[in-house]
Ligand code: ADP
Ligand code: ZN
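Take a look at the structure:
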């Protein structure tokens, strides 16, 4: 059946409300309706779904859409039902989440021919009962979404995808449309071979996303950098990807502590929390979602303004897909990834338990990421080249390497040396091996081939392995060299490489960038972003004594002990960090919201004047506030005290001993939160003792020291009693 363009446009408008097709959509849809197989490569946001949804609605029978994501299916089905009102049965999904009654409904709608689109998870498709059901259905065509899942060389291999071809044959032959947003040439050919559609017409959109900006940063101080970046981009939506759940939690908390509205998202959270957090992001109740890669598939938020990779991704496919979620509306989208080689080694270690072949593939994909990160070439050029597309602009104007270009040199001689070497070794070695020969590394592998006697051995000694690897990589991007991915990445010379050797011409190359190893440990304490200031001196002594004077005045005026206002360590911190706003003041030790507001005003005014008068360069334009220890407990403790729970119960519920609990409560009140613990004191300390201790702190104490108090009070009082009353005292006077 053919369909004319006018008719198609009318349906586009009727069903989806759009006036025009995007990119290749019309050509793809027409091809499919005419009964052809189609292979669609379109970047995220390009409008893939419409390529099968619209034809499904036009054609007789039911289109079977195979998609790996259960959550996504429901969204898509809801969306379709939304377009076509009053026809619930028009779209269904079939996956493990359905109950018996729902299954029955799907079955009836399918068999009566109401259903135009059926979404099926691959593992449901392989179930015998479903195959039997689908055999009775007239299939208009098959759509295979996220088709890269078929290939081990994709970034999300799913073995069930391999069975799709045979199952389609059993259910009944029909045209096939395969769609993906990421596929290297190797993955493309895997997909077509595996689905038995080598004859398919390939519709490939450019993968270039001109509005995205790419940058790779040293991972020396990522938390600091991230907070700074977000503060410079207030109110913008962004995604931060981390590799581990733990990191996700930690970064989300860090952001909150620093006044950025953020929530975590990862597979370890229960489903309702996940969807609540996701909604909060979509509805813009929060600005930032911190997530593992579990987040984002099918997320169609058009105005994500930045995507940050806290950890470097495992593959460029993943990187490209995740960064692709930025700027879907064609406007600003900044993509920043933090890179340190340590992270790469960590990722390699994770792979160790896996089958060898999988490890091989994983390592190669990882090395592509390393190349990308360390290169000084245009990032856009490398990325597009990786996906089999040439980008010919000299300067893309929107990546770190183009905006801040490194010195380039004429590398024609180096390239010729590499090409000569590759040819002399019959094109059977990998990049590092070649680089090692040129630098003159005598390792056992090189010896075993007797290559330490090769005439080029050591001829590039003055340059080092990294240099040569970079030359080879640029040769690949320029198509002078080629890499056989299926054979361990062996390097060969292309025809234009041979021509170049005959007839070398000017060739600008860059050296790789040197990255410092991140000092970031995965299990750090969250305080790495800014060294924790303790009272070790080092502060500004003049300012420190000025601050002490203010404190003394204030103490007289308010009739409370000086140490209740701000402790010495707090003042010390002020004399290091020079906070000039209440927010900054909260970054100093022991100063929370309450204290900052209650006492802070005068202090920051004096500091501001001091900074101004003495022309002081402050440590930074802002300071990262680290996560207070166990701040998760903090909320619980405050709530429990509000509910008047006995301390013993609170401690037990949180697996703490009493000491630890007291310490936490002290931290809470010291930083300015008022807690009313009278209910507990009444039960545990008798009235007279309470008054004695309270008076001591009010009239006599020169500091908050417990041991001084015990001495000053003389016998009869236990340490716990003193501490409890001190908590009451600080809370009432200071907060
Ligand atoms: P992909 O699956 O390729 O990432 P989607 O199918 O989710 O992309 O489509 C991306 C966005 O583009 C969606 O918001 C969709 O509604 C919109 N879209 C698709 N086709 C058109 C069109 N022809 N005109 C306008 N918007 C479109
Ligand atoms: Zn560039």
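Numbering (this note's numbering), first residue to last: 31 to 765.
We put the CB at the ideal spot given by N, CA and C, even for glycine.
Computed from a predicted structure; not experimentally measured.
Separation of residue 514 and residue 268 (C-alpha to C-alpha, rounded to the nearest whole angstrom) is 37 Å. DSSP places residue 245 inside the beta strand (DSSP E), whose first and last residues are 242 to 248. The C-alpha of residue 164 lies about 14 Å from the C-alpha of residue 196.
Taking a 10 Å sphere around the C-beta of residue 179, we find 16 or more other C-beta atoms and assign the residue as buried. In this structure residue 252 is not in contact with residue 191, their Cβ atoms being roughly 35 Å apart against a cut-off of 8 Å. Residue 413 has its Cβ no nearer than 6 Å to any heavy atom of the ligand ADP.
In this structure, DSSP gives residue 299 a state outside helix and strand, which the three-state scheme calls coil.
In the DSSP assignment, the residues bridged to residue 234 are 71.
Every residue whose beta carbon comes nearer than 6 Å to a heavy atom of the ligand ZN appears here in chain order: 408, 409, 410, 426, 429, 431, 432. The Cβ atoms of residue 355 and residue 332 do not sit closer than 7 Å to each other.
Straight across, the Cα-Cα distance linking residue 586 with residue 731 is about 14 Å.
Residue range 130 to 141 is occupied by the alpha helix (DSSP H) that includes residue 131. According to DSSP, residue pairing for residue 268 in a beta bridge involves 318, 336. For residue 364, the secondary structure class from DSSP, reduced to helix, strand or coil, is strand. Under the three-state reduction of DSSP, residue 94 is assigned to strand.
In the structure shown, residue 294 falls within a strand segment according to DSSP collapsed to helix, strand and coil. If you check the C-beta of residue 326 against the ligand ADP, you find no heavy atom less than 6 Å away. Distances taken from the Cβ of residue 155 to the heavy atoms of the ligand ADP include none shorter than 6 Å. Within the same chain, Cβ atoms closer than 7 Å to the Cβ of residue 698 are found at 664, 667, 668, 705, the five residues on either side in sequence being excluded. Within a 10 Å sphere around the beta-carbon of residue 131 sit fewer than 16 other beta-carbons, which makes this residue exposed. Linking residue 694 to residue 627 through their CA atoms gives a straight-line distance of about 22 Å. Residue 365 and residue 579 have their C-alpha atoms spaced approximately 48 Å apart. For residue 75, the CB falls within less than 6 Å of some heavy atom of the ligand ADP. Beta bridge pairing from DSSP links residue 369 with 248.
Here residue 523 carries a strand assignment [DSSP, helix/strand/coil].
Looking at the backbone, the Cα of residue 250 and that of residue 401 are separated by about 19 Å. Under a 10 Å Cβ-count criterion, residue 483 is classified as exposed, with fewer than 16 other Cβ atoms of the shown protein chains found around its own Cβ. Shortest Cα-Cα distance from residue 215 to any of 316, 69, 320, 302 involves 69. Residue 170 holds the alpha-carbon nearest to the alpha-carbon of residue 90 among 170, 158, 71.
Collapsing the DSSP output to three states places residue 79 in a helix. In the three-state reduction of the DSSP assignment, residue 174 falls in the strand class, which pools E and B. Bridge pairing for residue 429: 244 [DSSP]. Take the alpha-carbon of residue 237 and the one of residue 363: they are about 15 Å apart. Shown here, residue 167 sits in coil according to DSSP, grouped into three states, outside any helix or strand. In the structure shown, the three-state DSSP call for residue 463 is helix. In the three-state reduction of the DSSP assignment, residue 487 falls in the coil class.
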